[in-house]
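Scroll down for the structure; my scribbles are underneath it.
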Amino acid sequence: LLQGGGAVSSVLLATAGDLTGERHRTKAMAAIGGSIAIAYVLGVALGPVFYGFSGLTGVFLAAAGLGILALLPLWKLIPPIPRNAQTRMGSWRDALRIFGYPPVLTASVGIFILQMVLGASFVVLSPELVKAMHLPDAAVWEVYLPVMLLSVAAMVYPVMYAEKHKRHGRMLALSGLAIAGGALIMGMLSGRFWPVAVGAVIFFTGYNMASAILPSMMSRST
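Sequential numbering from 4 applies to the sequence shown in the working numbering.
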């Protein structure tokens, strides 16, 4: 419930925004977005392993254990946020007023749609890869991993360009086109491995670009 409500990722992104300057903020968000994408692949690969040991209980216990381990670098490596960088909400009305601020609202809706599209893509893409390559379900990660690595590498230049030339809006539009184009390729040429794989790389490149640029734009606007 906490993760689904954004209580984990929102605090992570807010902390990154407070601890990085404007010059490096988009790159920091790109690193976080890329690591999240790769974490999805690791989840697809390792989930069946934990499930094989102790069923669904083992999957959730592993997630809980990893969450506890994640607290160690938080305590030891992340510096405290300066008080002058902290913003306190006076009331729920203040929070709603900030949420209604057009740049924040636009970025929030964009991130919501982005995560929804990502979840839907995993539901649809895995069966497509199984059908196209005749893979067992447990081996889908062998395709996802190179796809994710290629997409993370491909998004580096557009993100750096947006940061250097202040073209965040233009690169965000390009990421939307990449997501739509990749989804269109996968949908129209489903059942064939290479078109689906190329479409997946384009799709996830767009996703990684947007997941870096949207939070950065929101952080700049507040």
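Where is the CB? At the ideal position from N, CA and C, for every residue including glycine.
| Item | Value |
| --- | --- |
| Within 10 angstroms of the Cβ of Trp144, are there 16 or more other Cβ atoms? Answer buried if so, exposed if not. | buried |
| Taking only the alpha-carbon atoms, compute the straight-line gap between Leu45 and Gly103 and give it to the nearest angstrom. | 36 Å |
| Is Ile71 helix, strand or coil by DSSP? | helix |
| For Pro198, which three-state DSSP category applies? | helix |
| Can the beta-carbon of Met189 be found closer than 8 Å to that of Gly179? | no |
| What is the C-beta distance between Val226 and Tyr147, in whole angstroms, given that I count them as a contact (C-beta under 8 Å)? | Because the chain spans 4 through 225 in this model, residue 226 falls outside it and cannot be assessed. |
| Secondary structure at Leu192, three-state DSSP: helix, strand or coil? | coil |
| Out of Ser154, Met151, Ser129, which has the shortest C-alpha to C-alpha gap to Ala142? | Ser129 |
| State whether the region 11-23 contacts the region 203-212, with contact taken as three or more CB pairs (one from each stretch) at a distance under 8 Å. | no |
| His137 lies in the alpha helix (DSSP H); which residues open and close that run? | From DSSP, His137 is part of no alpha helix (DSSP H); its letter is neither H nor E. |
| Measure the C-alpha to C-alpha separation of Ala176 and Arg100 and round it to an integer number of angstroms. | 27 Å |
| Span of the alpha helix (DSSP H) holding Pro161? | 144-168 |
| Please classify Ile114: does DSSP put it in a helix, a strand, or coil? | helix |
| Count Cβ pairs between the region 67-75 and the region 154-165 that sit closer than 8 Å; are there 3 or more? | no |
| Determine the direct distance from the alpha carbon of Ala165 to that of Val159, and round the result to whole angstroms. | 10 Å |
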